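Residues in the sequence shown are numbered from 1 upward in steps of one, following the numbering used here. Note that beta-carbon positions come from the ideal geometry of N, C-alpha and C, so glycine has one too. Everything numeric in this text was worked out from a predicted model, so none of it was measured. Working notes, beginning with the structure itself.
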Amino acid sequence: MKNNLKKEKRINKKLYIILTILIIIMCIILLKVLPFGYIVQHPSYTHYDNKTINLGVPKFSFMMQNKDENYSYKNLRGKTILQNEISEYLKTLKPVTCNDTVYYYDESTNTTIIDYSVKSNLIYSTISYAVKNGNYCDTFKLETYEDKIGKTNAKVMDTDKIHIDFSYSLNETSIKDNPSANLYIYTLPDGKVIENSTGTFEIEGNKLIYTRTDFITNDDEINIPTKSEFAIKKKSLILMDNYLSDYIDYVLLR
1 MKNNLKKEKR INKKLYIILT ILIIIMCIIL LKVLPFGYIV QHPSYTHYDN KTINLGVPKF
61 SFMMQNKDEN YSYKNLRGKT ILQNEISEYL KTLKPVTCND TVYYYDESTN TTIIDYSVKS
121 NLIYSTISYA VKNGNYCDTF KLETYEDKIG KTNAKVMDTD KIHIDFSYSL NETSIKDNPS
181 ANLYIYTLPD GKVIENSTGT FEIEGNKLIY TRTDFITNDD EINIPTKSEF AIKKKSLILM
241 DNYLSDYIDY VLLR
(Lines of atoms letter the chains of each structure in order from A and count residues from 1; the text may use other names and numbers.)
(Lines give C-alpha, C1' and ligand atoms only; values in the text may rest on other atoms or scores of the structure.)
Protein backbone atom coordinates (compact mmCIF):
# COMPACT_ATOMS: atom_id res chain seq x y z
CA MET A 1 0.00 0.00 0.00
CA LYS A 2 2.79 2.40 0.96
CA ASN A 3 4.72 1.52 -2.18
CA ASN A 4 1.68 2.32 -4.29
CA LEU A 5 1.33 5.72 -2.61
CA LYS A 6 4.99 6.53 -3.21
CA LYS A 7 4.71 5.45 -6.80
CA GLU A 8 1.60 7.56 -7.27
CA LYS A 9 3.35 10.59 -5.77
CA ARG A 10 6.29 10.14 -8.15
CA ILE A 11 3.91 9.94 -11.08
CA ASN A 12 2.04 13.05 -9.92
CA LYS A 13 5.31 14.91 -9.49
CA LYS A 14 6.43 13.98 -13.00
CA LEU A 15 3.06 15.01 -14.39
CA TYR A 16 3.32 18.31 -12.54
CA ILE A 17 6.79 18.94 -13.94
CA ILE A 18 5.69 18.01 -17.46
CA LEU A 19 2.60 20.18 -17.17
CA THR A 20 4.68 23.10 -15.90
CA ILE A 21 7.11 22.73 -18.79
CA LEU A 22 4.23 22.58 -21.28
CA ILE A 23 2.67 25.71 -19.78
CA ILE A 24 5.99 27.55 -20.00
CA ILE A 25 6.44 26.46 -23.62
CA MET A 26 2.90 27.55 -24.46
CA CYS A 27 3.47 30.93 -22.79
CA ILE A 28 6.67 31.41 -24.79
CA ILE A 29 4.89 30.47 -28.03
CA LEU A 30 2.02 32.84 -27.28
CA LEU A 31 4.47 35.59 -26.35
CA LYS A 32 6.24 35.06 -29.67
CA VAL A 33 3.19 35.07 -31.93
CA LEU A 34 0.38 37.06 -30.29
CA PRO A 35 0.13 40.83 -30.95
CA PHE A 36 0.22 42.91 -27.78
CA GLY A 37 0.59 46.33 -29.42
CA TYR A 38 3.06 49.07 -28.59
CA ILE A 39 3.49 51.85 -26.08
CA VAL A 40 4.85 55.31 -26.88
CA GLN A 41 7.97 56.04 -24.88
CA HIS A 42 9.57 59.48 -24.53
CA PRO A 43 13.36 59.18 -24.35
CA SER A 44 15.57 62.27 -24.28
CA TYR A 45 16.97 63.54 -27.56
CA THR A 46 20.66 63.88 -26.87
CA HIS A 47 21.46 66.83 -29.13
CA TYR A 48 18.91 69.23 -27.64
CA ASP A 49 18.59 70.08 -23.96
CA ASN A 50 15.27 69.15 -22.34
CA LYS A 51 13.88 67.76 -25.60
CA THR A 52 12.13 64.41 -25.62
CA ILE A 53 10.98 62.41 -28.61
CA ASN A 54 8.27 59.82 -29.23
CA LEU A 55 9.09 56.22 -30.09
CA GLY A 56 6.52 53.46 -30.56
CA VAL A 57 8.02 50.51 -28.70
CA PRO A 58 6.41 47.04 -28.75
CA LYS A 59 5.20 45.95 -25.33
CA PHE A 60 7.48 43.88 -23.09
CA SER A 61 10.56 45.62 -24.50
CA PHE A 62 13.45 46.24 -22.12
CA MET A 63 17.06 47.41 -21.89
CA MET A 64 16.77 50.69 -23.82
CA GLN A 65 20.12 51.91 -25.15
CA ASN A 66 20.89 55.28 -26.74
CA LYS A 67 23.93 56.32 -28.76
CA ASP A 68 23.86 59.69 -30.52
CA GLU A 69 20.62 59.61 -32.56
CA ASN A 70 20.17 55.85 -32.39
CA TYR A 71 17.89 54.01 -29.95
CA SER A 72 17.55 50.27 -29.36
CA TYR A 73 15.43 47.92 -27.25
CA LYS A 74 15.44 44.20 -26.55
CA ASN A 75 12.33 42.02 -26.74
CA LEU A 76 11.75 38.26 -26.33
CA ARG A 77 8.94 38.23 -28.88
CA GLY A 78 9.09 37.17 -32.54
CA LYS A 79 10.55 39.33 -35.30
CA THR A 80 7.48 39.33 -37.56
CA ILE A 81 5.03 40.38 -34.86
CA LEU A 82 7.41 43.12 -33.67
CA GLN A 83 7.74 44.44 -37.23
CA ASN A 84 3.95 44.53 -37.55
CA GLU A 85 3.57 46.49 -34.31
CA ILE A 86 6.23 49.00 -35.39
CA SER A 87 4.42 49.39 -38.73
CA GLU A 88 1.22 50.20 -36.84
CA TYR A 89 3.04 52.93 -34.92
CA LEU A 90 4.59 54.39 -38.07
CA LYS A 91 1.10 54.76 -39.55
CA THR A 92 0.43 57.42 -36.89
CA LEU A 93 3.27 59.57 -38.27
CA LYS A 94 3.46 61.68 -41.43
CA PRO A 95 5.29 59.93 -44.28
CA VAL A 96 7.72 62.22 -46.12
CA THR A 97 9.55 61.18 -49.26
CA CYS A 98 12.92 62.31 -50.56
CA ASN A 99 16.00 60.66 -52.04
CA ASP A 100 13.65 57.88 -53.27
CA THR A 101 13.00 56.86 -49.65
CA VAL A 102 10.02 57.18 -47.30
CA TYR A 103 10.75 58.59 -43.84
CA TYR A 104 8.38 59.19 -40.91
CA TYR A 105 7.94 62.70 -39.52
CA ASP A 106 6.52 63.31 -36.04
CA GLU A 107 4.99 66.79 -36.13
CA SER A 108 4.43 66.88 -32.36
CA THR A 109 8.17 66.61 -31.58
CA ASN A 110 9.55 67.90 -34.91
CA THR A 111 11.66 64.79 -35.43
CA THR A 112 11.96 62.22 -38.21
CA ILE A 113 12.53 58.48 -38.01
CA ILE A 114 14.97 57.90 -40.86
CA ASP A 115 15.58 54.20 -40.26
CA TYR A 116 14.27 51.32 -38.18
CA SER A 117 14.90 47.59 -37.98
CA VAL A 118 14.17 44.40 -36.05
CA LYS A 119 16.98 41.85 -35.85
CA SER A 120 16.53 38.49 -34.16
CA ASN A 121 18.80 35.90 -32.65
CA LEU A 122 17.98 32.67 -30.82
CA ILE A 123 16.86 34.28 -27.55
CA TYR A 124 15.68 37.84 -28.23
CA SER A 125 15.08 40.49 -30.90
CA THR A 126 16.71 43.92 -31.10
CA ILE A 127 14.50 46.86 -32.14
CA SER A 128 16.43 49.86 -33.49
CA TYR A 129 15.43 53.42 -34.45
CA ALA A 130 17.52 56.18 -36.05
CA VAL A 131 16.09 59.67 -35.44
CA LYS A 132 16.92 63.12 -36.86
CA ASN A 133 15.78 66.49 -35.55
CA GLY A 134 13.34 68.40 -37.76
CA ASN A 135 11.74 67.30 -41.01
CA TYR A 136 14.52 65.26 -42.58
CA CYS A 137 13.29 65.86 -46.13
CA ASP A 138 13.30 69.64 -45.61
CA THR A 139 16.88 69.37 -44.36
CA PHE A 140 17.81 67.12 -47.28
CA LYS A 141 16.24 69.55 -49.77
CA LEU A 142 18.00 72.55 -48.20
CA GLU A 143 21.36 70.77 -48.30
CA THR A 144 20.76 69.79 -51.94
CA TYR A 145 19.89 73.37 -52.93
CA GLU A 146 22.89 74.78 -51.06
CA ASP A 147 25.13 72.23 -52.74
CA LYS A 148 23.80 73.33 -56.13
CA ILE A 149 23.79 77.13 -55.78
CA GLY A 150 25.68 77.85 -52.56
CA LYS A 151 24.62 79.35 -49.26
CA THR A 152 24.35 82.95 -50.50
CA ASN A 153 20.94 84.56 -51.03
CA ALA A 154 21.62 86.33 -54.32
CA LYS A 155 23.12 85.89 -57.78
CA VAL A 156 24.23 89.03 -59.61
CA MET A 157 25.48 90.17 -63.00
CA ASP A 158 26.96 93.64 -63.50
CA THR A 159 28.08 95.10 -66.83
CA ASP A 160 28.38 98.63 -68.14
CA LYS A 161 24.99 98.18 -69.84
CA ILE A 162 22.83 96.19 -67.44
CA HIS A 163 22.48 95.13 -63.82
CA ILE A 164 20.71 91.85 -62.94
CA ASP A 165 19.98 90.84 -59.36
CA PHE A 166 18.31 87.52 -58.58
CA SER A 167 17.74 87.41 -54.82
CA TYR A 168 16.03 84.64 -52.92
CA SER A 169 15.25 83.25 -49.49
CA LEU A 170 16.94 79.93 -48.76
CA ASN A 171 16.59 78.65 -45.20
CA GLU A 172 14.90 75.96 -43.10
CA THR A 173 11.56 77.80 -43.21
CA SER A 174 11.42 78.79 -46.88
CA ILE A 175 12.53 75.36 -48.09
CA LYS A 176 9.28 73.77 -46.86
CA ASP A 177 7.65 75.02 -50.06
CA ASN A 178 9.31 76.46 -53.14
CA PRO A 179 11.50 79.34 -51.85
CA SER A 180 10.51 82.90 -52.72
CA ALA A 181 12.64 85.00 -55.08
CA ASN A 182 12.90 88.43 -56.69
CA LEU A 183 14.38 89.29 -60.09
CA TYR A 184 15.40 92.94 -60.51
CA ILE A 185 16.88 94.14 -63.81
CA TYR A 186 17.73 97.67 -64.93
CA THR A 187 19.85 99.25 -67.65
CA LEU A 188 22.91 101.41 -67.19
CA PRO A 189 23.64 104.24 -67.04
CA ASP A 190 20.03 105.49 -67.27
CA GLY A 191 18.58 103.15 -64.59
CA LYS A 192 15.60 102.09 -66.70
CA VAL A 193 13.85 99.16 -64.99
CA ILE A 194 13.30 96.25 -67.35
CA GLU A 195 11.91 93.85 -64.79
CA ASN A 196 11.11 93.80 -61.11
CA SER A 197 9.23 90.58 -60.42
CA THR A 198 8.57 88.27 -57.51
CA GLY A 199 7.94 84.55 -57.53
CA THR A 200 9.28 81.20 -56.42
CA PHE A 201 11.97 78.84 -57.63
CA GLU A 202 12.76 75.15 -57.59
CA ILE A 203 15.76 73.08 -58.60
CA GLU A 204 15.44 70.02 -60.80
CA GLY A 205 18.73 68.27 -61.46
CA ASN A 206 21.13 70.92 -62.75
CA LYS A 207 18.41 73.39 -63.63
CA LEU A 208 16.82 76.21 -61.61
CA ILE A 209 13.28 77.19 -62.61
CA TYR A 210 12.05 80.65 -61.62
CA THR A 211 8.25 81.06 -61.73
CA ARG A 212 6.99 84.65 -61.69
CA THR A 213 3.84 85.29 -59.66
CA ASP A 214 3.76 89.11 -59.72
CA PHE A 215 5.30 92.00 -61.66
CA ILE A 216 6.12 95.12 -59.70
CA THR A 217 7.56 96.74 -62.83
CA ASN A 218 8.16 95.41 -66.31
CA ASP A 219 9.16 96.73 -69.72
CA ASP A 220 6.21 96.41 -72.11
CA GLU A 221 8.60 96.21 -75.07
CA ILE A 222 10.00 92.88 -73.87
CA ASN A 223 8.10 89.63 -73.76
CA ILE A 224 8.93 88.44 -70.25
CA PRO A 225 8.00 84.77 -69.77
CA THR A 226 6.09 83.41 -66.80
CA LYS A 227 8.91 80.92 -66.21
CA SER A 228 12.63 81.23 -66.78
CA GLU A 229 15.05 78.33 -66.69
CA PHE A 230 18.67 78.67 -65.65
CA ALA A 231 21.36 76.05 -66.13
CA ILE A 232 23.41 75.57 -62.96
CA LYS A 233 27.15 75.42 -63.48
CA LYS A 234 29.64 75.68 -60.61
CA LYS A 235 26.95 77.38 -58.48
CA SER A 236 26.38 80.04 -61.17
CA LEU A 237 23.16 80.50 -63.16
CA ILE A 238 23.05 80.69 -66.97
CA LEU A 239 19.79 81.95 -68.51
CA MET A 240 18.74 79.32 -71.05
CA ASP A 241 16.07 81.29 -72.95
CA ASN A 242 17.59 84.76 -73.18
CA TYR A 243 14.63 87.15 -73.35
CA LEU A 244 17.13 89.98 -72.63
CA SER A 245 18.97 89.53 -75.94
CA ASP A 246 18.19 93.14 -76.95
CA TYR A 247 20.38 94.26 -74.05
CA ILE A 248 22.92 91.49 -73.53
CA ASP A 249 24.00 88.40 -75.44
CA TYR A 250 24.67 86.11 -72.49
CA VAL A 251 23.28 86.13 -68.96
CA LEU A 252 25.52 84.63 -66.29
CA LEU A 253 24.62 85.23 -62.66
CA ARG A 254 27.30 84.62 -60.05
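Quiz item: Taking C-alpha atoms, which residue in SER197, ILE248, ASP219, TYR71 lies nearest to MET157?
Solution: For the purposes of this step, residue 157 is taken as residue 157 along the sequence shown, with counting starting at 1. Here the closest residue by C-alpha is ILE248.
Exercise. Go to THR80, then tell me how far its beta strand (DSSP E) extends in each direction, as first and last residue.
Key: Counted from its first residue, the sequence shown places residue 80 at position 80. No beta strand (DSSP E) contains THR80, which is instead part of the alpha helix (DSSP H) from 79–90.
Quiz item: Given a threshold of 16 other Cβ atoms within 10 Å of its Cβ, counted over all protein chains shown, does ILE24 qualify as buried or as exposed?
Solution: Taking the first residue of the sequence shown as position 1, residue 24 is located at position 24. Residue environment analysis places ILE24 among the exposed positions, since fewer than 16 neighbouring C-beta atoms fall within 10 angstroms of its C-beta.
Practice problem: Please name the residue, chosen from ASP214, LEU252, ASP219, that lies closest to ALA231 on a Cα-to-Cα basis. | Solution: Start at 1 with the first residue of the sequence shown, and residue 231 comes out as number 231. Ranked by how close their Cα comes to the Cα of ALA231, the residues ASP214, LEU252, ASP219 have LEU252 in first place.
Quiz item: How many whole angstroms separate the CB atoms of GLU85 and TYR38, which I take to be in contact at a CB cut-off of 8 Å?
Solution: The residue you call residue 85 lines up with position 85 of the sequence shown. The residue you call residue 38 lines up with position 38 of the sequence shown. Sure, about 5 Å apart at Cβ, within 8 Å.
Quiz prompt | Chain-order list of residues whose beta-carbon lies under 8 Å from that of TYR48 (same chain, five-residue window excluded) | solution = The residue you call residue 48 lines up with position 48 of the sequence shown. Cβ neighbours of TYR48 within its own chain (closer than 8 Å, five residues either side excluded): ASN133.
Exercise. Output the residue ranges of the alpha helix (DSSP H) runs that lie fully inside the region 104–149 and measure 4 residues or longer, sorted by chain position.
Key: Qualifying alpha helix (DSSP H) stretches, in chain order: 136–149.
Quiz prompt | Residue(s) in a DSSP beta bridge with ARG212 | solution = Translated into positions along the sequence shown, residue 212 becomes position 212. Paired residue(s): GLY199.
Practice problem: Could you round the C-beta distance between THR198 and PRO179 to whole angstroms and report it? I think they count as a contact, below 8 Å. | Solution: Numbered from 1 along the sequence shown, position 198 holds the residue referred to as residue 198. Numbered from 1 along the sequence shown, position 179 holds the residue referred to as residue 179. The Cβ separation is near 12 Å, so there is no contact.
Quiz item: If you follow the beta strand (DSSP E) that GLU229 is part of, which residue opens it and which one closes it?
Solution: Taking the sequence shown and counting its residues from 1, the one referred to as residue 229 is at position 229. 227–233 is the extent of the beta strand (DSSP E) around GLU229.
Practice problem: For the beta strand (DSSP E) containing THR152, list its first residue and its last residue. | Solution: Counting from 1 along the sequence shown, the entry for residue 152 is found at position 152. Segment: none, THR152 is in no beta strand (DSSP E) and carries neither H nor E.
Quiz item: In or out: LYS141 buried (at least 16 other Cβ within 10 Å) or exposed?
Solution: Position 141 of the sequence shown holds residue 141. Result: buried.
Quiz item: Does the beta-carbon distance from TYR136 to THR173 come in below 7 Å?
Solution: Here residue 136 refers to the residue found at position 136 of the sequence shown. Here residue 173 refers to the residue found at position 173 of the sequence shown. Taking 7 Å as the cut-off, the Cβ atoms of TYR136 and THR173 do not count as close.
Self-check item: Where the beta strand (DSSP E) through HIS47 begins and ends
Solution: As a first step, residue 47 is located in the sequence shown; it is residue number 47 there, counting from the start. Secondary structure note for HIS47: it is in no beta strand (DSSP E), with a DSSP letter that is neither H nor E.
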